[in-house]
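Working notes, structure below.
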Amino acid sequence: MPFDYGGCKGNRNNFNTMEECMAKCGKGSHSKNDDDDDRPIADCHVTGCPPCHECLPSKLECPEGKSCPQYSCKNRCGPCEHCSDDYVCVAQTPRWCKYFKPCEARTCPKHPEAECVRLECDCFNTLYRLPNGTMLPWADCRRV
Numbered sequence: 460m461p462f463d464y465g466g467c468k469g470n471r472n473n474f475n476t477m478e479e480c481m482a483k484c485g486k487g488s489h490s491k492n493d494d495d496d497d498r499p500i501a502d503c504h505v506t507g508c509p510p511c512h513e514c515l516p517s518k519l520e521c522p523e524g525k526s527c528p529q530y531s532c533k534n535r536c537g538p539c540e541h542c543s544d545d546y547v548c549v550a551q552t553p554r555w556c557k558y559f560k561p562c563e564a565r566t567c568p569k570h571p572e573a574e575c576v577r578l579e580c581d582c583f584n585t586l587y588r589l590p591n592g593t594m595l596p597w598a599d600c601r602r603v
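Counting in the numbering used here, the sequence shown runs from 460 upward without gaps.
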């Protein structure tokens, strides 16, 4: 079953890296046997971190019986940045994006009740939130 994020608040299921996610959740779906695995989770002081990440004190919450790392890799780049080839965080959106307001001029013709939601890191694309919380891409808004 797919997970559709509607852009409201969030929950504790947010991770800065795939490693943090896998350390907390493991591979595949969660089952009773997942908690029985008492292997220690890798500490970045031992394993190192990928480019544009740094090894910081861990805030991971481990299930009972698991040994948690004291340090884990955290992404240095922000949500609208990417890691360049020389390991520098670079903004992905052009500076003029802060002046472009797509929701002021765009509506969802097929679903006029839908609210326009500007994507944080994208100047041009928007999503539309129906009253029930379902998010629609522009392709689902156009008249056919």
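Even for Gly, the Cβ is constructed at its ideal location relative to N, Cα and C.
Closest in C-alpha terms to residue 556, from the list 591, 596, 579 and 530, comes 579.
Between the alpha carbons of residue 518 and residue 545 lies a gap of roughly 28 Å. Short of 7 Å from the beta carbon of residue 570, and not among the five residues preceding or following it, lie these beta carbons of its own chain, in chain order: 587, 589, 595 and 600. A direct Cα-to-Cα measurement between residue 550 and residue 541 gives close to 7 Å. Residues 542 and 546 of the same chain have their beta carbon placed closer than 6 Å to that of residue 510, with the five preceding and five following residues left out of the count. In the structure shown, residue 554 adopts helical secondary structure according to DSSP, grouped into three states. Where residue 505 is concerned, the enclosing alpha helix (DSSP H) starts and stops at 503-506. With 16 or more other Cβ atoms from the protein chains shown falling within 10 Å of its own Cβ, residue 577 counts as buried. Here the alpha carbon of residue 512 sits roughly 20 Å from the alpha carbon of residue 520.
Residues of the same chain with a CB within less than 7 Å of the CB of residue 535, apart from the 5 flanking positions on each side, are 511, 512, 513 and 548 in chain order.
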